[in-house]
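Worksheet: the structure to be examined is printed underneath.
Protein chains: 4
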Amino acid sequence: MPPRKPIVGVMGPGKTEVRTEPVDKHVDLAMELGKQIASHGWLLLTGGRNLGVMDAACRGAKSAGGTTIGILPGPDALDVSDAVDIPIITGLGSARDNVNALSSSVLVAVGMGPGTAAEVALALKARKPVILLATQPEAEKFFQSLDASLVHVAADVEGAITHVKALLAAKEAAEAEA
Amino acid sequence: MPPRKPIVGVMGPGKTEVRTEPVDKHVDLAMELGKQIASHGWLLLTGGRNLGVMDAACRGAKSAGGTTIGILPGPDALDVSDAVDIPIITGLGSARDNVNALSSSVLVAVGMGPGTAAEVALALKARKPVILLATQPEAEKFFQSLDASLVHVAADVEGAITHVKALLAAKEAAEAEA
Amino acid sequence: MPPRKPIVGVMGPGKTEVRTEPVDKHVDLAMELGKQIASHGWLLLTGGRNLGVMDAACRGAKSAGGTTIGILPGPDALDVSDAVDIPIITGLGSARDNVNALSSSVLVAVGMGPGTAAEVALALKARKPVILLATQPEAEKFFQSLDASLVHVAADVEGAITHVKALLAAKEAAEAEA
Amino acid sequence: MPPRKPIVGVMGPGKTEVRTEPVDKHVDLAMELGKQIASHGWLLLTGGRNLGVMDAACRGAKSAGGTTIGILPGPDALDVSDAVDIPIITGLGSARDNVNALSSSVLVAVGMGPGTAAEVALALKARKPVILLATQPEAEKFFQSLDASLVHVAADVEGAITHVKALLAAKEAAEAEA
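Chains as they are written, first to last, in numbering that gives the first Met the number 0: chain A, 0 to 177; chain B, 0 to 177; chain C, 0 to 177; chain D, 0 to 177.
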């Protein structure tokens, strides 16, 4: 079998979660990030709903011919983004945040709210690397206090992609050695 | 966006579950079924592990150029089948059986054990159609006693595919009307 | 610490699941069963909602001074039975059926529907003993075809209690030996 | 039926999670907190394992005659604390963190690690009040940036109990009005 494509998770607030910044900036960043992820040949995984960062990242990835996976919280696909190719219907509510964390080789948080914070924390608990893009300084300081070795901060989409590339390469090297 | 490809689930015993019949028959059927599912342009979803019916169905689908999704029970991908393109790592243990049921538009059970029985029952609970292929008569009678309108019995792979085709067409027609 | 009280699970249809028999018979049996479970000093675990077998078993247990645990599927306690002392709010939907199965030392099914079938199957998958009370013959034959050593059939509440007592004693003996 | 006893959750690092402070301080605080929770007639809910804050809080509660609920991540009770009266075996891995958050009326975090951070974030996502006790300043600033109205900081056990009392009273008043 040919090697499996890496899965990169993009997490971030839907509209209802954003408390500290206008959502538009995150939506724009997520769209560009999704596009870049697809251009690099990686699969995109998001929370799959038709709003906010999840939706924007998927739209970006589809615009560049990528494949998108959406891990939905509800028991049906009523609120799935049109830009999700593969809807996984979990029915788990917020417990699905852990499926997002475990299924992504690297997680990028674009903006921050309670749901995104849960996903980042669950990723760290599972020893997965996380990249914070456009999150408040409080988030950066907090997550780095939990585990500085796993938490990376990116200033822009290009910086986030550079981190993803390096982290995937490190993972591949570690697996080749094992 | 172009229409999403339907997801067909194939469930069945890993080695440890089979109690009533030799596993080889189910493995052969699952491989052929996976192949046919891919040939029809549908996505294949299984439990994702590297054994029994899950593995065989994925291998069959890959041999026909299909795309395979594996919903894994464990917290990592150590036991994923080589023939899974998209591993979803749930960490949920057997609670992932409900993710299998909800994420499949139609579920085909090839053989029967406790895990497969749980997946069929959870599919019926969610009002999803199920096709039983090569299951013991006790299973057919029981599941039809639960919900005759949702439970179909197929004598062979061709019969199962005929059922899948009709059920997906009915689903599409119902959605177009809604 | 004094020894922990055993947890006995009682599962069975809410109204919407019953397809083959009038619900009243099961409600009466569940109420008596809950009462007997409490009288023996065991904790009662159910799906926790305010309908059908779950509700009746809890009411029975409370009438005899017992303690009741309800494992709720939804994200809040809006539909909890008044007779549940300890509501566990899972938000997992039907994936909570596996929490019911794992948390019970012995599971008694009173009547049968898709949800109850899932709970019985998940219990067998986890190697837990199950007692079938007032289920259709198709259910008895099917589950015994899956694992005859774990599936017991009771003709009435007294028979079910006799089975529970023997199974709990066997579990305790096995644990003492280990 | 008499009114149900409120459930207060106490979350905090097991040994493996502590990165910023010695664990002993948290263990001592958790034990005293558990004792106070039991003295007020509330039920205690923790992650249920036999280590760190979970274990200590349960021991404290039992020393004051309380009742303790443990929501275990694994598929069996092998690592349950001796001081848990009611082990709920979820088999969900870290997805059980959301069961902890949803099932508690108020959540107290004693110390902080990735798992505790996930539980606090999931509680906020579900609009549940949280009290931070002996957490690093970065944690306080971050969670208050997410939702200042739900996040309370306590300097000591007495302060935490005062918050719990006020939050439970407010909840009861809101429910009486609804």
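Glycine included, each C-beta is placed from N, C-alpha and C at the ideal position.
Note that this is a predicted model, so its numbers are computed, not measured.
| query | result |
| --- | --- |
| Three-state class that DSSP yields for MET30/C in the structure shown | helix |
| Outcome for PRO12/D when other beta-carbon atoms lying within 10 angstroms are tallied against a minimum of 16 | buried |
| Selection of the stretch 62 to 78 of chain D by Cβ proximity to chain B, strictly under 7 Å | PRO74 |
| Residues sharing a beta bridge with ARG48/B, DSSP | VAL79/B |
| Proximity winner among ASN97/D, VAL83/D, VAL105/D, MET0/D, relative to ARG58/C (alpha-carbon distances) | MET0/D |
| Reference PRO72/C; option with closest CA among THR161/B, MET53/B, ALA94/B | ALA94/B |
| Same chain, Cβ closer than 6 Å to LEU166/B, five either side skipped, listed in chain order | VAL105, PRO128 |
| Collapsed DSSP secondary structure at MET53/D in the structure displayed | helix |
| LYS164/A, DSSP secondary structure in three states | helix |
| Proximal residues of chain C, C-beta to C-beta of GLY13/B below 7 Å | Those do not exist, as GLY13/B stays about 11 Å from chain C at its closest Cβ, beyond 7 Å. |
| Between the CA atoms of ALA55/A and ARG126/A - distance to the nearest angstrom | 27 Å |
| Beta-bridge partners of MET10/C, as assigned by DSSP | ALA108/C |
| Beta-carbon proximity check, GLY110/A vs ALA133/A, cutoff 8 Å | yes |
| Simplified DSSP assignment, three categories, for PRO2/D | coil |
| Listed by chain order, chain B residues near GLY112/C by CB distance under 7 Å | LEU145 |
| Cβ pair LEU44/C, PRO74/D closer than 8 Å | no |
| Any beta strand (DSSP E) of 3 or more consecutive residues that is wholly inside the stretch 117 to 161 of chain C | 129 to 132, 150 to 153 |
| Beta-carbon proximity list for ASP78/A, same chain, < 6 Å, skipping 5 on both sides | ARG48, ASN49 |
| Option in LYS4/A, GLU171/A, LYS24/A, HIS25/A with minimal Cα separation from ILE36/A | LYS4/A |
| Nonlocal neighbours in the same chain, by C-beta distance under 7 Å from GLN143/B, ignoring five residues either side | VAL150 |
| Euclidean distance between Cα positions of PRO2/A and VAL83/B | 10 Å |
| Enclosing alpha helix (DSSP H) for LEU101/A [first to last residue] | 95 to 102 |
| LEU42/C and ILE68/D closer than 8 Å at C-beta | no |
| Contact list for the stretch 91 to 109 of chain A against chain C, Cβ threshold 9 Å | LEU91, GLY92, SER93, ALA94 |
| Beta carbon proximity, LEU50/B to chain G, threshold 8 Å | No chain G appears in this structure, whose protein chains are A, B, C and D. |
| Alpha-carbon to alpha-carbon, LEU131/A and GLU139/A | 7 Å |
| DSSP-derived helix/strand/coil call for PRO72/A | coil |
| ALA122/D at chain C interface by Cβ criterion, 8 Å | no |
| Proximity to SER38/A [Cα-Cα], best of VAL163/A, PRO136/A, ASP23/A, GLY51/A | VAL163/A |
| Integer-rounded CB distance, given that ALA159/D should sit under 8 Å from VAL107/D | 5 Å |
| Inter-residue spacing [alpha-carbon to alpha-carbon] between ASN99/D and VAL52/D | 14 Å |
| Reference LYS124/D; option with closest CA among GLY112/A, GLY64/A, ALA122/A, GLU31/A | GLY112/A |
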